[in-house]
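Numbering of the sequence shown is given in this note's numbering, commencing with residue 13 and proceeding in unit increments.
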Amino acid sequence: MAGAWLRRLLRRVRSSVAPVPDIPAQLWLDTIAGYPFIAGLPLQDLAKLRALSALFLQRKQFTGAHGLEVSDAMALAIAAQACLPLLHWGRPQQALAWYDDFVGIVVHPAEAVARRSAVDEAGVVHHYDEVLQGEAMQGGPVMLSWPAVHAAGAALPGEYATSVVVHEFVHKIDMQGGPADGCPPLPPGFLGTTSKRAAREAWRAAWQPAYEQFREQVIIAQRFGGAPPWLDAYGATAPAEFFAVACEAWFVHRERFTQEFPTLAPALQAFFNPRA
């Protein structure tokens, strides 16, 4: 524990004294043009995001898997999406402290396959392969599939568009309070509360019924042919996944998300933009 804390402190000190290389203007413009949910931000927010992304790129190490070469444009596409949740959390140094528990980002040229195991009620261990577009590890690196990163925000009209980067980095934020459970560490005074306990209770009062209703919609759609919900059905697998999928929609399709989940929009607004 002490060793990990010291490494984070040293990284922060080094990055605070080293000059942060500016992102070339043309590279920045070309990159965000591919992601309308970023390009459409107000100019002031884009300037903040560019500064955050520059510091993020200085602090993180990108590794391509299976011979993939991670270009500057690829790294920037990841950085810009990863920093979206941090946009209104103070100065770049302060905001990026949420990602201090790791350095490495591994980028795969396609979906990755992970070997998993599960124990059933009879105590029998079952092994299976899981296809992944991304994965965030507690206290460890983030894995991303480049095709999924590149396709962020792309969808037919009325369909749900995703951002695997936002999804996995929201997990990282959630993990700052321990194993991801769908309730991240909340800011002081969250939704007018006066204690951490009250803040968590207010959060769960909004999220638990929304999650249960969403799970029911997914079950009815999958088992009985009901109308599928707009949000990605993967969110029905666990509260942590529901939170991550909801955050994707919040950043990529905010207007539609607010229509679909009017009780959750105030919670996300208060969390991601506490000074608004």
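Virtual Cβ for every residue (Gly too), placed ideally from N, Cα, C. None of the values given here were measured: they were computed from a predicted structure.
Restricting attention to V264, H265 and L276, the CA atom closest to the CA of G194 is found in L276. Leaving aside the five residues that flank S175 on each side, the residues in its chain whose CB is nearer than 6 angstroms to its CB run, in chain order, Q93, A164, E260 and V264. At the C-beta level, H183 and A148 come within 7 angstroms of one another.
The beta carbon of Q229 is closer than 6 angstroms to those of P241 in its chain, skipping five residues each way along the sequence.
Taking C-beta separations shorter than 7 angstroms and ignoring five residues to either side along the sequence, the partners of A107 in its chain run L64, L98 and W101, following chain order. F49 and D34 have their alpha carbons spaced roughly 22 angstroms apart. A148 is bridged by DSSP to V154. Inclusion of M187 and Q225 in the CB contact set at 7 angstroms is not warranted, their separation being larger than that value. Contact between A51 and A45 is confirmed by a C-beta separation of about 6 angstroms, below the 8 angstroms threshold. Linking I232 to L39 through their CA atoms gives a straight-line distance of about 46 angstroms. Between F273 and Y223, the C-beta spacing is not below 7 angstroms. For V118, the pairing in a beta bridge is given by DSSP as T75 and M155. Contact between I185 and W110 holds: their C-beta atoms lie close to 6 angstroms from each other, under 8 angstroms. Excluding sequence positions up to five before and after D244, its CB lies within less than 7 angstroms of the CB of Y172, T174 and V257, all in the same chain and listed in chain order.
Assigned with DSSP and collapsed to three states, T270 falls in helix.
Sixteen is the threshold: when 16 or more other Cβ atoms of the shown chains lie within 10 Å of the Cβ of P251, as they do, the residue is buried. Between the C-alpha atoms of R209 and A279 there is a straight-line separation of about 15 angstroms.
Rounded to whole angstroms, M155 and G146 show a C-alpha spacing of 5 angstroms. When the alpha-carbon of L41 is set against those of L67, V32 and L55, the nearest one is in L55. With 16 or more other Cβ atoms from the protein chains shown falling within 10 Å of its own Cβ, G247 counts as buried. Ranking P104, P221, V178 and D113 by CA distance to the CA of A89 puts V178 first.
Note that the C-beta distance between A192 and F202 is not below 7 angstroms.
In this structure, the straight-line span from the alpha carbon of P200 to that of G116 is close to 30 angstroms. With contacts defined as CB atoms closer than 7 angstroms, F68 and C95 qualify as a contacting pair.
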